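Novice: This is the structure I want to talk about, given as structure tokens.
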């Protein structure tokens, strides 16, 4: 059972991920018979692969990983990589592999089954100005042992495997929505496995600092002071300020500004509130002050930003 600190961590993660406009696409569930290989170039999406049967080798940059049934691999930054039955196999372009499978004429048919894979991608705003997004690793590997530890991740993976094998009406939509949940659970497992002593992940695992971050998220409109923040953390002003910056690499007030701008962008995109009303909701006492901060962070005024969203 998760303790209160873990709940805070997951609440904070949920807050952040709600801002990235997450979506998911599952390309296929397919058998791969030897010899086979596919090359995936660097791209704008977070590619993922689930091995449901057999095994294969994956290589990203200078790192080789032997994958087995139950393994999940995610590339949050769209890092180039390849998968094959062995390192000497000829590798085809990933797009050609996907097209062949979707056309009903897979490239790697045969009797010598090597692996069954589910492949797809997660789409989210990697340019989001938040330290968590900036800290995402190039690769997240969850193996079968991890799945046994994180039962909730195994459950969603099992659902995707089951649903991806169906050809019933609506299965595609269901699988893609399950894919979004898979991404969140994969990040959650990554956070729980990560034991970094610095960085935003370390900050949300720190009982005192995570309380402050959660309060900032939930009450962004407050007129925050260092005294109020330190009081929530149960620390002195100096100790809190130093601890917050050493973990997040941001001052408390820089982080508040970042979060206010993220909230404002969301309201500008999704609500009909005026710029003045949004300024008040995210903690600015005047529209002019809000405009100055927003333009400095986004390189556009709030009104120009809203107009650009409507045009796109």
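Residue numbers (our numbering): 32 to 343.
Here a beta-carbon is modelled for each residue, glycine too, at the ideal position from N, C-alpha and C.
Predicted model only: the values in this text are computed from it and were never measured.
Ordered along the chain, which non-local residues of its own chain (more than five positions away) have a Cβ less than 8 Å from that of residue 336?
Specialist: 296, 299, 325, 329.
Novice: Distance, Cα to Cα, residue 175 vs residue 94?
Specialist: Each residue's alpha carbon lies about 19 Å from the other.
Novice: What number of angstroms, rounded off, separates the C-alpha of residue 251 from the C-alpha of residue 66?
Specialist: If I take the Cα positions, the gap works out to 55 Å.
Novice: Between which two residues does the beta strand (DSSP E) carrying residue 273 extend?
Specialist: Counting along the chain, residue 273 falls outside any beta strand (DSSP E), though it belongs to the alpha helix (DSSP H) covering 268-279.
Novice: Check the C-beta distance from residue 194 over to residue 182 and give it rounded, since I have them as a contact under 8 Å.
Specialist: Not a contact, Cβ separation roughly 19 Å.
Novice: I think residue 43 touches residue 244, with their Cβ atoms under 8 Å apart; what is that distance to the nearest whole Å?
Specialist: Residue 43 to residue 244, Cβ: 6 Å. Contact.
Novice: If I follow the unbroken beta strand (DSSP E) through residue 313, where does it start and stop?
Specialist: Run containing residue 313: none; DSSP gives neither H nor E here.
Novice: Is residue 274 closer than 8 Å to residue 222 when the C-beta atoms are compared?
Specialist: The answer is no: Cβ separation not under 8 Å.
Novice: Could I get the ranges of all uninterrupted alpha helix (DSSP H) runs contained in the stretch 182-246, with 4 residues as the minimum, in chain order?
Specialist: Whole alpha helix (DSSP H) segments, 4+ residues: 182-195, 202-224, 231-236.
Novice: Where residue 229 and residue 162 are concerned, what is the direct C-alpha to C-alpha distance, given to the nearest angstrom?
Specialist: Near 12 Å, if we compare the C-alpha coordinates of residue 162 and residue 229.
Novice: Is there contact between the stretch 135-153 and the stretch 55-69, where contact requires at least three CB pairs shorter than 8 Å?
Specialist: Yes, the stretch 135-153 touches the stretch 55-69.
Novice: From 226, 132, 224, 287, pick the residue whose C-alpha is nearest to that of residue 253; which is it?
Specialist: Residue 253 has its Cα closest to that of 287, out of 226, 132, 224, 287.
Novice: Mind checking residue 35: buried by the 16 CB within 10 Å criterion, or exposed?
Specialist: Low per-residue confidence applies at residue 35: pLDDT is 40, beneath 50, and the placement is therefore not dependable, though the value from the model is reported in the following sentence. Classification for residue 35: exposed.
Novice: When the Cα atoms are used, what is the spatial distance from residue 107 to residue 170?
Specialist: Roughly 7 Å separates the two Cα atoms.
Novice: Looking at the secondary structure, which residues open and close the alpha helix (DSSP H) in which residue 339 lies?
Specialist: Residues 333-342.
Novice: Can you list, in chain order, the residues of its chain whose CB lies under 6 Å from that of residue 242, leaving out five sequence neighbours each side?
Specialist: 263.
Novice: Within 8 Å of any Cβ in chain D, is that where the Cβ of residue 152 sits?
Specialist: This model lacks chain D altogether; it includes just one protein chain.
Novice: How should residue 78 be labelled, buried or exposed, when 16 other C-beta atoms within 10 angstroms of its C-beta is the threshold for buried?
Specialist: Classification for residue 78: buried.
Novice: For residue 104, report the span of its beta strand (DSSP E) as first-last.
Specialist: Taken as a continuous stretch (DSSP letters only), the beta strand (DSSP E) holding residue 104 covers 103-106.
Novice: Report yes if the CB atom of residue 260 is closer than 8 Å to the CB atom of residue 283, and no otherwise.
Specialist: Their beta carbons are under 8 Å apart, which means residue 260 touches residue 283 by this criterion.
Novice: Who are the near neighbours of residue 294 in its chain, counting only those whose CB is closer than 6 Å to its CB and skipping five residues on each side?
Specialist: The residues are 251, 313.
Novice: Apart from the five residues on each side of it in sequence, which residues of its chain come closer than 6 Å, Cβ to Cβ, to residue 167?
Specialist: 107.
Novice: Identify, in the order they occur along the chain, each residue of the same chain with its Cβ nearer than 6 Å to the Cβ of residue 38, setting aside the five sequence neighbours on each side.
Specialist: Model confidence at residue 38 stands at a pLDDT of 44, short of 50, so the residue's coordinates are unreliable; what they give is reported in the following sentence. No residues qualify anywhere along the chain.
Novice: Would you kindly work out how many angstroms separate the C-alpha atoms of residue 156 and residue 53, rounded to a whole number?
Specialist: If you take the alpha carbons of residue 156 and residue 53, they lie about 8 Å apart.
Novice: Express the C-alpha separation of residue 310 and residue 272 in angstroms, rounding to a whole number.
Specialist: C-alpha separation (whole angstroms): 26 Å.
Novice: Can you tell me whether residue 92 is helix, strand or coil according to DSSP?
Specialist: Residue 92 falls in the coil class under three-state DSSP.
Novice: If contacts are defined as beta-carbon pairs under 8 Å, then residue 153 and residue 49 qualify, I think. What distance do you get, rounded to the angstrom?
Specialist: That belief does not hold up - the Cβ atoms of residue 153 and residue 49 are roughly 15 Å apart, past 8 Å.
Novice: Among 302, 208, 231, whose alpha-carbon lies nearest the alpha-carbon of residue 280?
Specialist: The option with the nearest alpha carbon to residue 280 is 231.
Novice: On the three-state DSSP scale, how would you describe residue 55?
Specialist: Residue state, collapsed to three classes: strand.
Novice: How big is the Cα-Cα spacing for residue 70 and residue 115?
Specialist: When rounded, the distance between both Cα atoms is 9 Å.
Novice: Could you check if residue 237 is buried or exposed, using at least 16 other CB atoms within 10 Å of its CB as the buried criterion?
Specialist: With 16 or more other Cβ atoms within 10 Å, it is buried.
Novice: Which one of 103, 105, 113, 136 has the shortest CA to CA distance from residue 68?
Specialist: For residue 68, the nearest C-alpha among the options comes from 113.
Novice: Going by other Cβ atoms of all chains shown within 10 Å of its Cβ, with 16 needed for buried, is residue 342 buried or exposed?
Specialist: When all chains shown are included, residue 342 counts as exposed.
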